[in-house]
Each structure stands twice: as structure tokens, then as C-alpha cells.
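Numbering (UniProt numbering), first residue to last: 1 to 237.
Shown next, in C-alpha cells, is the structure this report addresses.
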């Protein structure tokens with residue numbers, strides 16, 4: 001080992017001919033670099049020719065996928081049009097009956113642009129209607145429809161017995177999981193079963209006013225319409 005006072009001996013650097021190899025054409029290159037170039041594609045597992053083939057294969061797969069999507073989109077209307085007209089009407093009625101719809105209108109102008117299929121069938125003033133006279137809501141009660149409207153196939157009406165704890169629990173679950181109390185859909189309808197029983201059975205209530213919609217096959221409760229009695233004094237005469 002050299003002493004600290006000793007100077008390390010410098011070995012002569014290899015000459016340029018030893019580092020470079022001539023190719024006979026005046027071009028000199030590093031043999032290690034040549035090997036590096038030859039192996040550059042092998043390390044990636046793909047040669048330039050294979051790379052081009054892979055790109056073509058990807059393009060073919062993409063075109064095939066797009067063609068398949070276009071075919072599916074074209075087949076959809078055909079399937080819908082192949083249904084009987086009666087079946088299509090039933091589907092449309094089901095969508096109208098069970099669709100959640102938009103929130104309540106914020107202004108009268110917004111409300112006037114909407115369609116209210118239920119309220120249009122009821123004996124109530126329409127938006128923009130001016131009432132100048134007063135009298136019975138329905139003067140000729142014989143013209144009132146006595147038979148319930150039919151539901152789409154697979155659904156049935158059911159008068160709910162809220163005195164049954166099981167039925168009351170079904171109603172609570174339906175309202176809690178599918179209804180909200182505000183326009184922003186932030187607060188769940190989470191009144192207790194006891195509160196619902198109190199609210200839906202005031203003095204003068206009738207059992208047929210608690211109308212449910214069930215799935216025929218499973219008997220699951222999927223809809224509910226209710227009414228409560230109210231005495232309103234509008235005119236003195």
C-alpha cells in the first residue's frame with residue numbers, strides 16, 4: 001500500500017485505435033454500442049416489425065368493437081318495435097306511474113310549462129283558470145268512475161290494513177327508502193311507524209283511502225296513495 005507521502009502512479013490511457021474498431025468505410029463505432037443497438041428491441045420483447053403488426057392488430061380490434069357497438073344500437077329499436085302495441089302502452093303507463101319525476105316547480109311560470117297528468121283528471125282548478133262561481137265540486141256523482149283504473153301487468157291494487165304491524169312496517173320501509181322531504185333530496189322521509197299510523201288515521205278515516213300497489217309475484221309493496229278527511233269552510237252561503 002502506498003504511503004500518504006507517495007504519489008500514485010498514473011497508468012497510460014488506452015490509445016484510440018484500441019477503443020475504436022474501423023469498419024473499412026471510414027466509419028468507426030463502438031462495438032459495445034453496436035451490441036446495445038442489436039439488443040434494444042430484444043429487451044422489450046418486440047422488434048420494429050412486430051411493433052407495426054401490434055399497432056395494426058389494435059386498430060382492427062378497435063374497429064371491430066366500434067362495429068359491434070353500432071350493431072347493438074341498431075338492434076335495440078328493432079326489439080322495441082317488435083313488441084305488441086298493447087305491451088308498449090303498458091310499459092309507458094308503468095314508467096309514468098312509477099317515475100320519480102322532477103321536484104316541485106319554483107315559480108308559476110315554471111309550473112305552467114309542465115304537464116300534470118294526475119291533477120288534470122281531478123276536480124280542481126287548473127293553472128291559470130279563473131273561477132267566478134262556486135258550487136258543488138261534483139254536481140253529478142253518478143258520472144264518477146266507480147271501477148279502479150287498471151295497472152300494468154304484474155302489479156295489483158291493495159287496500160292496506162295499517163292496523164297490521166307487518167303492513168305498517170312495509171309502508172314505513174317504502175317511504176323511508178324511496179321518498180325525501182325536500183327539493184334538494186337531502187333528507188329522508190323517516191317518520192316512525194307510530195307517527196304514520198297517527199297521521200293516516202285521523203277521525204273520519206276510511207280503510208279504502210290507504211291504497212297500495214304490490215307486485216303480484218312477490219307481493220312486495222312498491223307504491224302508496226292515501227287520503228285523509230278535511231272539513232273546509234269557504235263561503236258563508
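Beta carbons: idealized from backbone N, C-alpha and C, even for Gly.
Simplified DSSP state of residue i, which is helix, strand or coil
i           : result
residue 158 : strand
residue 214 : strand
residue 91  : helix
residue 231 : coil
CB contact flag (residue i, residue j, <8 Å)
i           : j           : result
residue 226 : residue 198 : no
residue 171 : residue 206 : no
residue 153 : residue 90  : yes
residue 190 : residue 176 : yes
residue 137 : residue 125 : no
residue 121 : residue 216 : no
Range of the contiguous beta strand (DSSP E) that encloses residue i
i           : result
residue 174 : No beta strand (DSSP E) contains residue 174, which is instead part of the alpha helix (DSSP H) from 165-178.
residue 196 : Careful: residue 196 lies outside any beta strand (DSSP E), inside the alpha helix (DSSP H) at 193-200.
residue 226 : 221-226
Exposure of residue i, with buried meaning 16 or more beta-carbon neighbours within 10 Å
i           : result
residue 118 : exposed
residue 204 : exposed
residue 87  : exposed
residue 160 : buried
Beta-carbon proximity list for residue i, same chain, < 6 Å, skipping 5 on both sides
i           : result
residue 234 : none
residue 221 : 170, 174, 212 and 214
residue 134 : 235
residue 158 : 212 and 214
residue 232 : none
residue 246 : In the structure as shown, the chain begins at 1 and stops at 237. Residue 246 is therefore absent and cannot be evaluated.
Cβ neighbours of residue i in the same chain (closer than 8 Å, five flanking residues each side left out)
i           : result
residue 201 : 162
residue 246 : This structure gives no information on residue 246, because the portion of the chain shown stretches from 1 to 237.
residue 166 : none
residue 144 : 138
residue 168 : 162, 193, 196 and 197
Range covered by the alpha helix (DSSP H) that runs through residue i
i           : result
residue 112 : 108-112
Cut-off 7 Å between Cβ atoms - residues of its own chain near residue i, not counting five sequence neighbours on either side
i           : result
residue 111 : 105 and 127
residue 19  : Note that residue 19 scores a pLDDT of 45, beneath 50, so its modelled location is shaky; the value from the coordinates is reported in the next line. Around residue 19: no qualifying Cβ.
residue 188 : 176 and 180
residue 83  : none
residue 131 : 125
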